[in-house]
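S.K.:
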Amino acid sequence: MGRTCIRGANRGAIRVASAALATVLAASTFIGMTAVEATASGAATSGGKAIVVGFDVDQSGPGAGYNVPAYNVSKAEIKQINSHGGIKGRQIKTVTCNDESTPTKVGACLQKLAGEGAVFIIQLTGSPAVIQSKSTVQKLQIPVISSTNASPTVPLPPDNTYIYTVAEPSTVWGPAYCNGMKRQHIKTIALLQDNTPTIAGFTPPLLKSMSCVKVVNTQTAPVDATNITAEVSRLSSPKADALMISTAEPSFDALANNTIKQQYPKTKVFDVATLCNNPSTWKLANPNALVGTVCPGAIDPANKVTQKVQKYLKSQLGSSFVLSQFTAEGWDGVNLMAQAMRKAPSFTGPALNKAVQSLKNVPSASGSPGYTLTLLPTKHSAPNGPCGIVMVQWHPTNNKQRTWPAYHAKTLGC
Amino acid sequence: MGNPQLWVSVFVDGAFYGLIALAYYVTLIGSQFFNFAIGPYAMVTGLGASWLVVDEGWSLWSAVVVMLAAIAVLGAVTELAVVRPVQRRATGGELPALVAVAALLFAIQQLAGEIFGFTPLPGQPILPTSTFTLGSATIQASVVPLLAVAAAVFLLVGLWVRLTPTGRMLRAVGDSNHAARLLGFPVNRIRLIAFILGALIAGLAGLFFAPSSGNGVNFMSGLNWALTGFLALVIGGTGTVWAPLLGGFVLALVNIFVPYYFGGSSVSYVLLGLAVVFFAFRPEGVFARRVRT
């Protein structure tokens, strides 16, 4: 009679596979650290040597969802500039590097762009990468406009001589949220956030600026989670007047809205700008999961510059294109760069930088009518006041937004 | 643990992890090889179908058929062009082929991003029910199809492995490649069938889980799913066809209830601890394969 034994049939195979698993994890770290790639696209030169503009873009990392659309708009604007003769008769040629919003890659990207001859750099990447890049920018002495960054620390010293931001800083968002929250008697919020360094740095200053509310409950979930039912369930105790979502990843934002709507269908929900200003990602949400959620948008249809820019971009990027905060920032960044180049006596770093610091009251493609941008030696954050923010609410479906009825922009001076 | 919505999530995640683990299991018992590309197979099928429907305007069923066919081809290519040649050159050593498949995992992810885009796409509901409530739990339209497909796949694979000649040969090759060759079994053909079947199971998992995943599917999902499915198989073991399903549910229980009781950041530590415990003390999993000697 045979003896049955536990052969542990795959003990050996599992040991080897475990070694391979360690290799896989090590390889993923290595490959993640070395995937700096640069691509170049040039316009044919006519009337002189091309002006090289560098793009430091998150094309495939956690910020790709909002930076890639901004990049597409930036390139469309450069195409328009080139079609009108370029800058001082010289065409603009672009070179691009993908830093995946990774602080360890951004320095190499900027060096690579400088090596390719870039005289100006547009940054479309996450805050941790932008913050990390400041010392490199200072050494390279090339003006950098960080178009989509809303971190309030970037335009401040140290190492801010050559770096500028276009977006309303997140500290302005607080009064905009509170403008409506007070009217709705919201005094406490429960916060759901992702676990990325971007949000870890972004959320505290935002909450500090929202002086009208107290955060009574904070839950953090992995940004790549496919199920956050547990974390959302924990938001119920202690109970808050409203829920708030903070994330830089549109898919996490959609998941959060889906799950919250499922568990708390009647609770007021506030969101940051991620999904809000990325219309192409709204389809990730379940039907009507976004309806009622309030977020800081940036587009007021009454703004004439918005209308003009939207019309041009529809002709370039398709009739379904909708201008949003991030794409408008992409447009504004290139516009400021082009204006500085036209004013500068030469294309050296210091000359261009001085020209950047003389741009005053440049009309913006976003915000309330009359909203403008200014950059000065002592002002490296371009917004003139809080009117770049327009608090919006999804209503009556996931595909449409309206100005949040509780938000009264005029009381903020807009 | 009384929140029914959490249990719905356990069943959804458990079914998905179980299917991925089953894909590993089928490939393992048919070829004695851990195919880490299983995770990207699931991702490519889900993401590719979404891309065809959302961006290219295809009908859903055309997209499903094409992507399942594509993933079967990819499974075959993995065996014929990567694993078999590397194993032959390494004269039977496991590690070079495993490393080669790990490299393939990243290549598939990057290629998926290049073809289908780097931004997430919504999963496409297949045979959806209407959304309904069960007690205080909301059951989304894609949940019942996922659970039904998982049950059907496990049942069919179990019957196939036990009752069909090819299924029995698969188990024989998995027990001993060498003995199977000596007995004249078509070992290479069986290995190929194992890779293709594993890819198809992973593809079905990706298709039916994508709309349930809550946040769509993106090109980076493959690595996460590969690691999760592997852990589910390690926990469940390879003693029976149903062992991967048990592993999937154990993993889902941890993923859902640990964050519920201890916060979102705790689940990584608990999963690490679980992996260490099983690797150290029970590497054969809960259900180990038994053979008569």
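From first to last, the protein sequence lines stand for chains A and B.
Per the working numbering, the first sequence starts with residue 1, numbered consecutively.
Per the working numbering, the second sequence starts with residue 1001, numbered consecutively.
Glycine included, every Cβ here is placed at the ideal spot set by N, Cα and C.
Please read all numbers here as calculations on a predicted model, not as lab measurements.
In whole angstroms, what is the alpha-carbon distance linking G32(A) and P103(A)?
M.R.: Here residue 32(A) refers to the residue found at position 32 when the first sequence is read from its first residue. Here residue 103(A) refers to the residue found at position 103 when the first sequence is read from its first residue. Here G32(A) scores only 44 on pLDDT, less than 50, and its place in the model is too uncertain to base an answer on.
S.K.: If you check the beta carbons only, do A167(A) and G388(A) fall under 9 angstroms apart?
M.R.: As a first step, residue 167(A) must be located in the first sequence, where it is residue number 167. As a first step, residue 388(A) must be located in the first sequence, where it is residue number 388. A contact, by the Cβ cut-off of 9 angstroms.
S.K.: In the DSSP assignment, find the alpha helix (DSSP H) that holds Q80(A) and state where it starts and stops.
M.R.: Locating residue 80(A) in the first sequence gives position 80, where the first residue counts as 1. Element bounds for Q80(A): 64 to 83.
S.K.: Three or more beta-carbon pairs under 8 angstroms between the region 1225 to 1242 of chain B and the region 1052 to 1062 of chain B, yes or no?
M.R.: Because the criterion of three Cβ pairs below 8 angstroms is not met, the region 1225 to 1242 of chain B and the region 1052 to 1062 of chain B do not touch.
S.K.: Could you list which residues in chain A have their beta carbon closer than 8 angstroms to that of G1216(B), in chain order?
M.R.: Here the question's residue 1216(B) lines up with position 216 in the second sequence. Those are S251, A254, L284, listed as they occur along chain A.
S.K.: Looking at the C-beta of G349(A), does it have a partner C-beta in chain B at a distance below 9 angstroms?
M.R.: Indexing the first sequence from 1 puts residue 349(A) at position 349. So, not an interface residue.
S.K.: Using 9 angstroms as the threshold, is the C-beta distance between P1145(B) and I1126(B) below it?
M.R.: Here residue 1145(B) refers to the residue found at position 145 when the second sequence is read from its first residue. Here residue 1126(B) refers to the residue found at position 126 when the second sequence is read from its first residue. Going by C-beta atoms, P1145(B) is nearer than 9 angstroms to I1126(B).
S.K.: Are three or more beta carbon pairs between the region 313 to 320 of chain A and the region 373 to 385 of chain A nearer than 8 angstroms?
M.R.: Cβ pair count under 8 angstroms is below three, so no.
S.K.: So what does K214(A) bridge to, in DSSP terms?
M.R.: Taking the first sequence and counting its residues from 1, one reaches residue 214(A) at position 214. According to DSSP, K214(A) bridges with T188(A).
S.K.: Taking three-plus beta-carbon pairs below 8 angstroms as touching, is the region 182 to 192 of chain A in contact with the region 229 to 239 of chain A?
M.R.: Contact between the region 182 to 192 of chain A and the region 229 to 239 of chain A is present, because at least three Cβ pairs lie under 8 angstroms.
S.K.: Let me know the secondary structure DSSP gives F1257(B) once reduced to three states.
M.R.: Against the second sequence, residue 1257(B) aligns to sequence position 257. Of the three classes helix, strand and coil, the one that applies to F1257(B) here is helix, per DSSP.
S.K.: Our contact map puts V362(A) next to N335(A) with C-beta atoms below 8 angstroms; I'd like the distance itself, whole angstroms only.
M.R.: Walking along the first sequence from the start, residue 362(A) turns up at place 362. Walking along the first sequence from the start, residue 335(A) turns up at place 335. About 7 angstroms separates the two Cβ atoms, so the contact holds.
S.K.: Does any CB atom of chain B fall closer than 9 angstroms to the CB of V68(A)?
M.R.: Counting from one through the first sequence, the residue named residue 68(A) turns up at place 68. By this cut-off, V68(A) is an interface position.
S.K.: Can you name the start and end residues of the alpha helix (DSSP H) that Q1087(B) belongs to?
M.R.: Position 87 of the second sequence holds residue 1087(B). Its alpha helix (DSSP H) spans residues 1084 to 1089.
S.K.: Start and end of the beta strand (DSSP E) containing M244(A)?
M.R.: For the purposes of this step, residue 244(A) is identified with residue 244 of the first sequence, where counting begins at 1. Taken as a continuous stretch (DSSP letters only), the beta strand (DSSP E) holding M244(A) covers 242 to 246.
S.K.: If you drop the 5 nearest sequence neighbours on each side, which residues of the same chain put their C-beta closer than 6 angstroms to that of G1002(B)?
M.R.: Walking along the second sequence from the start, residue 1002(B) turns up at place 2. So no residue of the chain qualifies.
S.K.: Can you tell me whether S366(A) is buried or exposed? The criterion is at least 16 other CB atoms within 10 Å of its CB, across all chains shown.
M.R.: On the first sequence, position 366 is the one that residue 366(A) refers to. Looking at its Cβ environment, which holds 16 or more other Cβ atoms inside 10 Å, S366(A) is buried.
S.K.: Kindly indicate which residue of C212(A), A344(A), I51(A), F326(A) has the alpha-carbon position closest to the one of E116(A).
M.R.: Looking up residue 116(A) in the first sequence gives position 116. The shortest C-alpha separation from E116(A) is found at I51(A).
S.K.: Do you know offhand how far P157(A)'s Cα is from T1131(B)'s?
M.R.: Counting from one through the first sequence, the residue named residue 157(A) turns up at place 157. Counting from one through the second sequence, the residue named residue 1131(B) turns up at place 131. Straight-line Cα distance between these residues: approximately 53 angstroms.
S.K.: Which residues mark the beginning and the end of the beta strand (DSSP E) in which G292(A) is found?
M.R.: Residue mapping note: residue 292(A) aligns to position 292 of the first sequence, counting from 1. Unbroken run through G292(A): none, as it is neither H nor E.
S.K.: Check the Cβ-Cβ distances between E329(A) and every residue of chain B, and say whether any is below 9 angstroms.
M.R.: On the first sequence, residue 329(A) is found 329 positions in, with the first residue counted as 1. Not one chain B Cβ lies under 9 angstroms of E329(A).
S.K.: Given that a residue counts as buried once 16 or more other Cβ atoms are within 10 Å of its Cβ, and exposed if not, what is V269(A)?
M.R.: Here residue 269(A) refers to the residue found at position 269 of the first sequence. Looking at its Cβ environment, which holds 16 or more other Cβ atoms inside 10 Å, V269(A) is buried.
S.K.: Starting from V1276(B), trace the beta strand (DSSP E) both ways and give me its first and last residue.
M.R.: The sequence position of residue 1276(B) within the second sequence is 276, counting from 1. Careful: V1276(B) lies outside any beta strand (DSSP E), inside the alpha helix (DSSP H) at 1267 to 1281.
S.K.: Exposed or buried, what is L1227(B) when buried is set at 16 or more other beta-carbons lying within 10 Å of its beta-carbon?
M.R.: Stepping through the second sequence from its first residue, residue 1227(B) is reached at position 227. L1227(B) should be labelled buried.
S.K.: What residue does the beta strand (DSSP E) around D271(A) start on, and which one ends it?
M.R.: Here residue 271(A) is taken as the residue at index 271 of the first sequence, counted from 1. D271(A) -> beta strand (DSSP E) spans 268 to 271.
S.K.: Determine, using beta carbons only, whether S1265(B) comes closer than 9 angstroms to chain A.
M.R.: Residue 1265(B) sits at position 265 when you count from the first residue of the second sequence. For S1265(B), the answer is yes, since a Cβ of chain A falls inside 9 angstroms of its Cβ.
S.K.: Along the chain, which unbroken stretches of the alpha helix (DSSP H) at least 4 residues long are found entirely within the region 1037 to 1071 of chain B?
M.R.: Entirely contained in the region 1037 to 1071 of chain B, the alpha helix (DSSP H) runs reaching 4 residues are, in chain order, 1038 to 1054.
S.K.: For Y1041(B) and chain A, any beta-carbon pair shorter than 9 angstroms?
M.R.: As a working note, residue 1041(B) is residue 41 in the second sequence. No, Y1041(B) lies away from the interface with chain A (no Cβ there is under 9 angstroms from its Cβ).
S.K.: At which residues does the alpha helix (DSSP H) containing Y371(A) begin and terminate?
M.R.: Looking up residue 371(A) in the first sequence gives position 371. Neither: Y371(A) is in no alpha helix (DSSP H) and is coded neither H nor E.
S.K.: Under 9 angstroms between C-beta atoms, does G1113(B) make it to chain A?
M.R.: Locating residue 1113(B) in the second sequence gives position 113, counting from the first residue. Closer than 9 angstroms to some Cβ of chain A, the Cβ of G1113(B) qualifies, so yes.
S.K.: For the region 47 to 64 of chain A, which residues have a CB atom closer than 7 angstroms to at least one CB atom of chain B, in sequence order?
M.R.: For the region 47 to 64 of chain A, which is checked against every Cβ of chain B, the residues closer than 7 angstroms are Q59, S60, A64.
S.K.: For the ligand FAD, any of its heavy atoms closer than 8 angstroms to the Cβ of V1143(B)?
M.R.: In the structure shown, the ligand FAD is absent, as is every other ligand, since no ligand is present at all.
S.K.: Evaluate S1212(B) with the Cβ neighbour count: other Cβ atoms within 10 Å of its Cβ, from every protein chain shown; 16 or more gives buried, anything less gives exposed.
M.R.: On the second sequence, position 212 is the one that residue 1212(B) refers to. S1212(B) should be labelled buried.
S.K.: Using 10 angstroms around the beta-carbon of L1105(B), count the other beta-carbons present and answer buried if the total reaches 16, otherwise exposed.
M.R.: In the second sequence, counting from the first residue as 1, residue 1105(B) sits at position 105. Buried: at least 16 other Cβ atoms inside 10 Å.
S.K.: Anything in chain B within Cβ reach of N195(A), meaning under 8 angstroms, just list it in chain order.
M.R.: Along the first sequence, read from residue 1 onward, the residue named residue 195(A) stands at position 195. In chain order: G1264, S1265.
S.K.: What does L1006(B) touch in chain A if you count any residue whose Cβ is under 9 angstroms from its own?
M.R.: Counted from its first residue, the second sequence places residue 1006(B) at position 6. What L1006(B) touches in chain A: T229, A230, S233.
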